[in-house]
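Input: a single structure, listed below in structure tokens.
In the working numbering, the protein residues as written are 1 to 375.
Below, the structure written as structure tokens:
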């Protein structure tokens with residue numbers, strides 16, 4: 001176990017180093033070639049900022065993961081072979097899916113891709129992952145359902161992958177939010193995978209987490225006027241979303257007795273993704289209720305509400321990420337005492353109540369200031 005913890009740290013460190021080296025080069029090329037995300041009425045930023053930060057993610061995490069595995073095959077061949085027998089085929093299919101999603105995201109960031117084409121690519125990516133044998137077989141008592149029929153489990157998995165990928169993509173609205181929430185999820189999944197002996201997947205989570213740390217620095221603390229600020233773009237958000245969906249599926253497939261202390265596996269898998277996934281559904285129905293297309297972007301996400309209340313981006317980021325961390329912790333602790341359906345119901349009711357409260361506060365502020373602050 002200690003050996004694999006060291007490998008996790010090595011993966012993390014190599015990924016941090018590579019991403020930190022690649023992003024400045026991306027910034028240099030972006031400004032030389034005028035590859036910017038220009039401001040408009042819907043966007044928060046005011047200066048021209050490249051949105052190609054996600055280009056660094058795939059090569060950095062792939063190199064970090066593969067070189068660590070390669071050296072371990074030379075030094076500890078027996079241990080690595082046993083681990084790769086457990087996860088090798090799944091990771092191979094995941095890399096195929098990631099390559100497809102990465103290229104589609106890159107094309108979208110550079111020249112634009114129609115939503116239907118992106119949707120088809122996401123479906124294909126989901127199907128490839130199910131080919132690896134990683135699909136949701138058990139809901140671990142959620143809605144009092146355990147084992148799933150194969151056909152339903154496969155469809156549920158593909159739908160879940162598409163849902164999570166788009167949730168991460170759509171929550172990417174203020175500096176550091178998508179990367180911050182994703183980092184929370186990756187830290188949590190790293191712990192669960194370590195505790196359950198899924199060391200290959202744990203290293204993958206570490207390599208992915210390593211890409212987000214330098215990016216977070218440039219995204220949050222970089223300055224547009226000094227050409228040091230960058231966005232992850234669809235290349236990054238789609239790539240990270242797919243990895244998070246995959247790791248959630250791996251956790252889903254953990255036996256009920258594999259996590260110890262009677263923690264519920266469903267809650268452990270879904271909790272880190274609950275906040276962005278809920279926000280997507282809420283925004284979807286909000287747009288429909290106001291007669292707008294649910295697929296057209298606007299400024300109705302949870303972070304837009306906090307900004308409408310006068311919070312600075314950094315404070316909104318801290319509040320949302322802290323709420324996400326608290327939700328994960330409370331959900332897991334409660335799963336020892338409550339069934340998963342009641343925990344998810346508590347989450348949904350709490351998030352609905354919070355959004356209603358924020359909306360009322362925005363309306364009061366609008367009346368006081370005499371201006372429109374929120375769509």
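Note that beta-carbon positions come from the ideal geometry of N, C-alpha and C, so glycine has one too.
Which one or two residues does DSSP pair with residue i in a beta bridge?
| i | result |
| --- | --- |
| residue 138 | 147 |
| residue 127 | BP columns for residue 127 are empty, so no partner. |
| residue 281 | Residue 281 pairs with nothing; no bridge assigned. |
Buried or exposed, going by whether 16 or more other CB atoms sit within 10 Å of the CB of residue i?
| i | result |
| --- | --- |
| residue 188 | buried |
| residue 134 | buried |
| residue 314 | exposed |
| residue 118 | buried |
| residue 74 | exposed |
| residue 152 | exposed |
| residue 18 | buried |
| residue 291 | exposed |
| residue 254 | buried |
| residue 352 | exposed |
| residue 369 | exposed |
| residue 235 | buried |
| residue 347 | buried |
| residue 371 | exposed |
| residue 208 | buried |
| residue 233 | buried |
| residue 115 | exposed |
| residue 102 | buried |
| residue 354 | exposed |
| residue 112 | exposed |
| residue 251 | buried |
| residue 206 | buried |
| residue 7 | buried |
| residue 146 | exposed |
| residue 71 | exposed |
| residue 382 | With the chain covering 1 to 375 only, the question about residue 382 has no answer from this structure. |
Between residue i and residue j, how many whole angstroms is the CB-CB distance? I'm expecting something under 8 Å.
| i | j | result |
| --- | --- | --- |
| residue 27 | residue 211 | The Cβ separation is near 16 Å, so there is no contact. |
| residue 173 | residue 301 | 5 Å |
| residue 379 | residue 328 | Here the chain covers residues 1 to 375 and nothing more, so residue 379 does not appear. |
| residue 323 | residue 244 | Not quite, the Cβ-Cβ distance comes to about 18 Å (not below 8 Å), so this is no contact. |
| residue 306 | residue 316 | 4 Å |
| residue 400 | residue 343 | It is not possible to answer for residue 400, since the shown part of the chain is limited to 1 through 375. |
| residue 267 | residue 331 | 5 Å |
Can you confirm whether residue i, when its beta carbon is compared against all beta carbons of chain C, has any partner nearer than 7 Å?
| i | result |
| --- | --- |
| residue 179 | Protein chains in the displayed structure number just one, and chain C is not present. |
For residue i, which residues in the same chain have their Cβ closer than 6 Å to its Cβ, ignoring the five residues on either side in sequence?
| i | result |
| --- | --- |
| residue 175 | 219, 220 and 313 |
| residue 30 | 50 and 52 |
| residue 143 | 341 |
| residue 87 | 200 and 201 |
| residue 161 | 126 and 245 |
| residue 358 | 305 |
| residue 376 | In the structure as shown, the chain starts at 1 and stops at 375, and residue 376 therefore has no counterpart that could be examined. |
| residue 213 | 16 |
| residue 89 | 132 |
| residue 106 | 235 |
Between residue i and the rest of its own chain, which residues show a CB-CB distance below 7 Å, the 5 nearest in sequence each way excluded?
| i | result |
| --- | --- |
| residue 256 | 140 and 265 |
| residue 168 | 178, 182, 237, 240, 241, 244 and 276 |
| residue 91 | 200 and 204 |
| residue 109 | 51, 52, 233, 234 and 235 |
| residue 20 | 214 |
| residue 303 | 173, 174, 177, 316 and 320 |
| residue 64 | 11, 14, 15, 18, 207 and 210 |
Grab me the residues of residue i's own chain with a C-beta within less than 8 Å of its C-beta, minus the 5 sequence neighbours each way, in chain order.
| i | result |
| --- | --- |
| residue 148 | 136, 137, 138, 139 and 156 |
| residue 22 | 55, 56, 59 and 60 |
| residue 100 | 121, 124, 125 and 128 |
| residue 319 | 306 and 311 |
| residue 130 | 154, 157 and 158 |
### Message
Whether or not the stretch 338-351 and the stretch 188-206 are in contact is what I'm after, with contact meaning three or more pairs of Cβ atoms, one per stretch, closer than 8 Å; do they touch?
### Response
no
### Query
Would you call the stretch 207-223 and the stretch 114-131 in contact, with 3 or more CB pairs under 8 Å?
no
### Task
Would you check if there are 3 or more beta carbon pairs closer than 8 Å linking the stretch 263-272 to the stretch 281-289?
no
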